[in-house]
Each structure stands twice: as C-alpha cells, then as structure tokens.
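S.K.:
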Amino acid sequence: MENQKTKGQLLEEEILYKGMDGAEMFTEEEYQKAVEFSEKYKQFLSCAKTEREAVKVAIEMLERDGYRPFESGKRYESGEKIYQNNRNKSLIFATIGRRPVSEGVRIMASHIDSPRIDLKPHPLMEDSSLAYLRTHYYGGIKKFHWPTLPLALHGVVCRKDGTSVTVTIGEEPAEPVFCITDLLPHLASEQEKKPASKVFDAEKFNILVGSLPFKDDKASEKVKLNIMRLFHEKYGIVEGDFMSAELTMVPAGPARDVGLDQSMIGSYGHDDRVCAYTSLRAAMEADSPEYTHVTVLADKEETGSDGNTGMKSAFLKYFLEDLAAPYGIPVRTVLSNSKCFSADVNCAYDPTYPDVTEKSNTSQLNHGVVITKYTGSGGKGGTNDASAEYMAWVRALLDKSDVLWQTGELGKVDVGGGGTVAKFISELNVDTVDLGVPVLSMHAPFEIVSKIDVYSTYRAFLAFAGKE
Ligand code: MN
Ligand code: MN
4 MENQKTKGQL LEEEILYKGM DGAEMFTEEE YQKAVEFSEK YKQFLSCAKT
54 EREAVKVAIE MLERDGYRPF ESGKRYESGE KIYQNNRNKS LIFATIGRRP
104 VSEGVRIMAS HIDSPRIDLK PHPLMEDSSL AYLRTHYYGG IKKFHWPTLP
154 LALHGVVCRK DGTSVTVTIG EEPAEPVFCI TDLLPHLASE QEKKPASKVF
204 DAEKFNILVG SLPFKDDKAS EKVKLNIMRL FHEKYGIVEG DFMSAELTMV
254 PAGPARDVGL DQSMIGSYGH DDRVCAYTSL RAAMEADSPE YTHVTVLADK
304 EETGSDGNTG MKSAFLKYFL EDLAAPYGIP VRTVLSNSKC FSADVNCAYD
354 PTYPDVTEKS NTSQLNHGVV ITKYTGSGGK GGTNDASAEY MAWVRALLDK
404 SDVLWQTGEL GKVDVGGGGT VAKFISELNV DTVDLGVPVL SMHAPFEIVS
454 KIDVYSTYRA FLAFAGKE
C-alpha cells in the first residue's frame with residue numbers, strides 16, 4: 004500500500020510539466036555517443052576560429068561527403084548534394100529531398116563569426132622600442148577579458164596583384180603568441196576605481212609583437228622595421244598590404260575538456276560554431292530526406308548581420324531562387340512553405356549570477372537543446388517570436404525523436420537582451436524558431452558548453468533534416 008500513488012501524485016504526472024535532466028536520463032551508452040561526438044567537435048573548434056577557417060573546414064568535410072559546387076540553372080534530383088561558397092566567409096549547402104521544393108525546405112541557419120580583436124588597416128607601430136599592432140574589436144566583448152591572454156593571429160592578406168596569403172601564428176606549441184598588457188596591481192589603485200566597462204580603453208588595445216631592433220644606424224623605427232621584415236620573410240607581404248587584409252587576434256590554443264568528470268567543453272567561439280558544427284554533421288547524415296534541407300553558415304551575426312556575407316544579405320534568397328527556377332517555381336512559394344531552425348546559443352543558468360535570470364524560464368546545462376521562442380529586449384523589441392502553432396510542431400518533432408530539449412529566455416525581463424539571425428529569415432515569410440546550445444560565460448574568450456547539450460542539439464537537427 005505504501006508504494007501506491009496518491010490521487011494528487013497521479014494528477015501531477017498527468018497534467019504538470021516536468022523538465023528533464025539529461026545527466027540523470029542519459030544511459031551510459033548514450034553518454035558515450037555524446038563524448039565521441041564532442042571529440043570531433045573539439046577538433047573542428049580548434050581549427051575553425053574565424054568564419055573563413057570554418058568555411059574552409061566545412062567545405063573539406065562536405066567535399067569528402069560527396070557535396071559539389073552548386074550550378075545555377077541545373078535541375079537537381081532527389082539525394083543530390085550541393086554547396087555554394089559566399090566569398091569564403093559564409094556558406095550554404097543543401098541535400099535535395101524527395102518532395103518538390105514548392106512544398107518548402109528545411110533551413111538550419113547558424114553563424115560562424117565570433118567576438119574578437121581585429122587589426123586596424125594601419126596596425127604596425129613602435130613605441131619606446133617595443134612593436135605593437137593597433138586593433139579595433141569586433142562584436143560584443145567585455146574588454147577586461149582580453150588583456151594578458153595568450154593570443155593567436157589569424158586571417159588573410161590580399162595583395163594588389165590578386166594573390167593572397169593565409170596567416171596563422173600562435174596555435175602550434177613551438178609558435179609564439181601575442182598579448183595585450185595590463186598594469187601591475189601595485190600601481191593600479193586609480194585603474195581599479197573605474198567601472199569595469201571603463202578599465203580598458205579600446206583605443207589602447209595594442210598587441211605586443213616584438214622588442215628587438217633591426218641592426219642599422221640610420222633607420223628610424225628599428226623594432227617596427229624588424230617585425231615587418233619577419234612578416235615579409237614569412238608571408239611575402241609589405242606594410243601596405245595590411246590595408247587589404249582581414250587579420251584578427253583570437254585566444255590561442257585548442258578546445259579543452261572542463262571538469263574532473265570531463266562533462267563539459269571549454270573553448271573560444273562556441274557561439275556559434277557549436278550550432279554550425281552540429282547542423283553540418285546532421286545535414287551530412289540526413290542524405291535521403293523527405294524535404295530538401297538547406298544549411299546556412301552565416302558571417303557578421305556578432306555585428307548585426309549586415310554586409311553581403313551576413314544574414315540580412317539576399318544570398319539565401321538568391322540561392323533558393325536559383326534552385327527552384329529550373330522547375331518553374333517562384334522563390335516566394337518555396338520560402339512561404341519553409342521551416343527554419345535559427346541555430347544559435349542561449350545563456351545557461353549560472354548559479355553564481357542568479358539575479359539576471361528567472362530560473363524556471365532559463366536553460367540549464369545538461370538539460371538538452373534549448374528552444375527560444377523569442378529573443379529581443381524590453382517588451383520583446385526586435386524579435387522573431389515563433390508562433391504557438393510552430394512551437395507545437397517543434398515540440399512534437401523533438402519528442403517523437405526522443406531528443407532531450409528545454410526552453411529558455413535570454414535573461415530576466417528588462418535586464419538586457421539580444422538577437423539572432425531568426426528575424427532576418429522570418430522576414431522572408433518562413434516559420435522560424437531559435438534553437439541551440441546553452442552556454443556559460445557566453446562571449447568570453449573561454450566559453451563553456453556541456454557534451455550532453457551539444458549531442459542533443461545535433462540530434463534535434465537530425466530530426467529536423469529528416470534523418471530516417
Ligand atoms: Mn550567436
Ligand atoms: Mn553572440
């Protein structure tokens with residue numbers, strides 16, 4: 004009799020919602036799959052630290068999997084796999100489904116740019132016999148995170164003759180790293196009185212790159228000259244070439260396991276390469292889908308999705324238009340019948356900072372992929388707000404596929420807010436919802452996600468892309 008449930012307990016089970024904790028629910032076998040998936044993800048993260056690197060690595064993976072460059076005007080058959088490289092900074096790829104594209108496509112859209120420290124067009128300078136690179140930061144950073152951190156230089160330099168050279172310094176153990184210096188605590192009493200946002204002046208975010216002079220009696224800035232000589236020897240570039248370059252400083256070193264139980268991954272750039280990688284892997288595996296699935300890896304989300312490689316650009320619309328044209332189908336028909344997972348991270352509940360979130364409406368680590376009905380700020384300003392109908396469709400899809408999922412808001416009402424690419428895709432009359440991985444320390448140089456959540460997000464994309 005003791006074990007018999009009371010009326011109240013039975014009613015609770017029937018009508019109250021109970022969240023799921025993956026750390027409790029995952030079997031040992033499932034958890035091992037999450038660990039194995041995460042090993043591959045860490046490799047991807049460690050060699051895809053900029054949008055250009057992410058595009059390059061993704062194309063290598065797609066080519067190995069049988070994807071071929073998209074040919075406009077060609078009629079593609081079910082099962083064919085295509086990709087379109089947008090200026091080496093964003094990427095679209097698709098697998099043709101059994102149903103005609105007039106019935107809509109499944110769009111998975113993430114972004115592959117992350118906050119970082121870009122170099123200015125005239126970066127190299129010398130002061131007091133030390134050489135520095137001047138910078139202009141990119142995206143939403145807390146400036147006090149970046150000084151005294153080992154930094155690596157990544158990017159591309161394009162010369163006037165049309166040739167270009169790829170730059171990576173600071174990732175191999177034998178290579179040097181770079182750094183923004185900070186004041187010693189002994190002399191920092193005035194500095195430490197300033198509010199955190201004012202402690203570091205972005206105009207003084209100069210990267211220390213050298214201290215030895217070029218041995219010559221007549222030359223003026225000899226340390227600068229010596230550093231430019233080293234750039235010239237290694238990459239064949241001259242100072243003027245910095246004006247046509249995209250060079251950036253990112254945290255040096257690979258992604259690492261976090262925790263004695265190794266249940267989490269710490270790295271630069273989870274936001275949003277964690278959604279890029281999970282959607283990429285799912286797309287490659289869903290190779291005979293019912294509906295055509297289209298995956299977008301976008302640039303420029305961290306600065307507002309502007310520019311021709313950002314999600315405000317027409318490149319997705321043009322791609323779908325070109326895909327549908329040989330069948331005589333207008334792109335608006337395709338878009339109006341399509342569904343989208345706007346794949347981006349959300350803030351995980353952090354017990355160290357409980358005041359900024361409302362716990363029951365915040366995603367938690369290890370509770371699975373997070374569905375975010377709306378983002379924005381204030382009274383839901385500037386958001387795609389997924390419809391109740393579409394939310395119901397997503398719930399049913401994920402439950403049917405046994406995907407561990409939860410919902411989350413981006414912080415308490417009126418505390419702050421943020422946005423994703425969702426609103427730019429829903430503007431095209433596509434049913435869109437935000438979905439992704441909960442992150443601790445989002446936008447910090449070392450962000451944290453859980454392996455269970457990464458794996459659950461991949462499984463959500465598999466279900467969406469129609470993996471059978
Ligand atoms: Mn993001
Ligand atoms: Mn972000």
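First residue of the sequence shown? That's 4 in my numbering, and the numbers climb one at a time after it.
C-beta atoms are modelled at their ideal positions from N, C-alpha and C, and glycine is treated no differently.
Please output, in chain order, the residues near ligand 1 using a CB cut-off of less than 5 Å to any non-hydrogen atom of the ligand.
M.R.: Checking every Cβ against the heavy atoms of ligand 1 under 5 Å gives D274, D275, D347.
S.K.: Curious, which full-length beta strand (DSSP E) runs of at least 3 residues does the stretch 245-302 contain?
M.R.: Runs found: 248-254, 259-261, 267-270, 296-301.
S.K.: Where do the ends of the beta strand (DSSP E) carrying W408 lie?
M.R.: Unbroken beta strand (DSSP E) run through W408: 408-410.
S.K.: Select from Y79, D121, L13, D116 the residue whose C-alpha is nearest the C-alpha of H446.
M.R.: Nearest option by C-alpha distance: D116.
S.K.: Please report the straight-line C-alpha distance between D275 and K8, rounded to a whole angstrom.
M.R.: Going by the C-alpha atoms only, they are around 45 Å apart.
S.K.: For T306 and G143, I'd like the C-alpha separation in whole angstroms.
M.R.: C-alpha separation (whole angstroms): 8 Å.
S.K.: Tell me whether E16 counts as near ligand 2, meaning its Cβ is closer than 7 Å to at least one heavy atom of that ligand.
M.R.: It does not: the Cβ of E16 is nowhere closer than 7 Å to a heavy atom of ligand 2.
S.K.: Can you tell me where the beta strand (DSSP E) with H446 in it begins and where it stops?
M.R.: Neither: H446 is in no beta strand (DSSP E) and is coded neither H nor E.
S.K.: Going by DSSP in three states, K315 sits in which element: helix, strand or coil?
M.R.: The answer is coil: DSSP assigns K315 none of H, G, I, E or B.
S.K.: Nearest-angstrom Cα distance between N91 and L122?
M.R.: For N91 and L122, the distance between alpha carbons rounds to 19 Å.
S.K.: Using beta-carbon positions only, say whether D347 and D437 come within less than 8 Å of one another.
M.R.: Yes, the pair counts as a contact, with Cβ atoms nearer than the cut-off.
S.K.: Using a Cβ-Cβ cutoff of less than 6 Å, which residues in the same chain neighbour M287 once the five nearest sequence positions on both sides are dropped?
M.R.: The residues are D68.
S.K.: Nearest to S429 by CA position, among S345, V372, G379, is which residue?
M.R.: For S429, the nearest C-alpha among the options comes from S345.
S.K.: Go ahead and pull the three-state DSSP assignment for E129.
M.R.: Strand, per DSSP.
S.K.: How big is the Cα-Cα spacing for K315 and L407?
M.R.: In a straight line, the C-alpha of K315 is about 31 Å away from that of L407.
S.K.: Report, in whole angstroms, the separation of the C-beta atoms of I99 and S81, which I expect to be a contact under 8 Å.
M.R.: Going by Cβ atoms, the distance from I99 to S81 rounds to 5 Å, so yes, they are a contact pair.
S.K.: Would you say the beta carbon of E305 comes nearer than 7 Å to a heavy atom of ligand 2?
M.R.: Indeed, a heavy atom of ligand 2 lies less than 7 Å from the Cβ.
S.K.: Alpha carbon to alpha carbon, how far is G239 from A155? Give it in angstroms, no decimals.
M.R.: Rounded to whole angstroms, A155 to G239 spans 19 Å at the Cα level.
S.K.: Is any non-hydrogen atom of ligand 4 found closer than 7 Å to the C-beta of H148, if you look at the structure I gave you?
M.R.: Among the ligands modelled here, namely ligand 1 and ligand 2, ligand 4 does not occur.
S.K.: Please go through the same chain and pick out, in chain order, the residues whose beta-carbon is closer than 8 Å to the beta-carbon of V359, but skip the five residues on each side of it.
M.R.: Correct list, in chain order: G414, K415, V418, G419.
S.K.: Can you check DSSP and say which residues form a bridge with M111?
M.R.: BP columns for M111 point to T298, F344.
S.K.: My guess is that L283 and V226 are in contact by the Cβ rule of under 8 Å, so how many angstroms apart are they, rounded?
M.R.: Rounded, the Cβ-Cβ distance is 43 Å, inconsistent with contact.
S.K.: Since I believe L48 is in contact with S200 (beta carbons under 8 Å), could you give me their beta-carbon distance rounded to a whole number of angstroms?
M.R.: S200 to L48, Cβ: 28 Å. No contact.
S.K.: Starting from the N-terminal side, write out each stretch of the beta strand (DSSP E) that is 3 residues or longer and does not extend beyond the stretch 356-433.
M.R.: Here the runs fully enclosed are 372-375, 408-410.
S.K.: Which residues in the same chain as F96 place their Cβ atom closer than 7 Å to its Cβ, once the five residues preceding and following it in sequence are excluded?
M.R.: Result list for F96: L65, Y70, I85, Y86, A286, T298, in chain order.
S.K.: Leaving out five residues on either side along the sequence, give the residues of the same chain with a beta carbon under 6 Å from the beta carbon of T169.
M.R.: The answer, listed in chain order, is V159.
S.K.: Quick one: Cα of K207 to Cα of A301, how far?
M.R.: Cα to Cα, K207 sits roughly 30 Å from A301.
S.K.: Which partner residues of V58 appear in the DSSP bridge assignment?
M.R.: Answer is none; V58 lacks a bridge partner.
S.K.: Can you tell which of P118, E129, V60, P126 has the C-alpha that lies nearest to the C-alpha of K146?
M.R.: That would be P118, whose Cα lies nearest to the Cα of K146.
S.K.: Reducing DSSP to helix, strand and coil, say where V212 ends up.
M.R.: Note: V212 maps to strand in three-state DSSP.
S.K.: Would you report the Cα separation of L2 and M128, rounded to the nearest angstrom?
M.R.: This structure does not reach residue 2, given that the chain is present from 4 up to 471, and the question cannot be answered.
S.K.: Just checking H446 against ligand 2 - is the residue's beta carbon closer than 7 Å to any of the ligand's heavy atoms?
M.R.: Result yes, Cβ under 7 Å from ligand 2.
S.K.: Measure the CB-CB distance between I451 and V440 and report whether it falls below 8 Å.
M.R.: No, these two residues do not count as a Cβ contact at 8 Å.
S.K.: Given A37, which residues of its chain have a CB within under 6 Å of its CB, disregarding the five upstream and five downstream residues?
M.R.: Result list for A37: K454, I455, Y458, in chain order.
S.K.: By alpha-carbon positions, which one of K342, C343, Y321 ends up nearest to P333?
M.R.: Taking only the C-alpha atoms, the option nearest P333 is Y321.
S.K.: How far does the alpha helix (DSSP H) with E91 in it reach, from first residue to last?
M.R.: Note on residue identity: the sequence assigns Asn, not Glu, to residue 91. Here N91 belongs to no alpha helix (DSSP H), and DSSP marks it neither H nor E.
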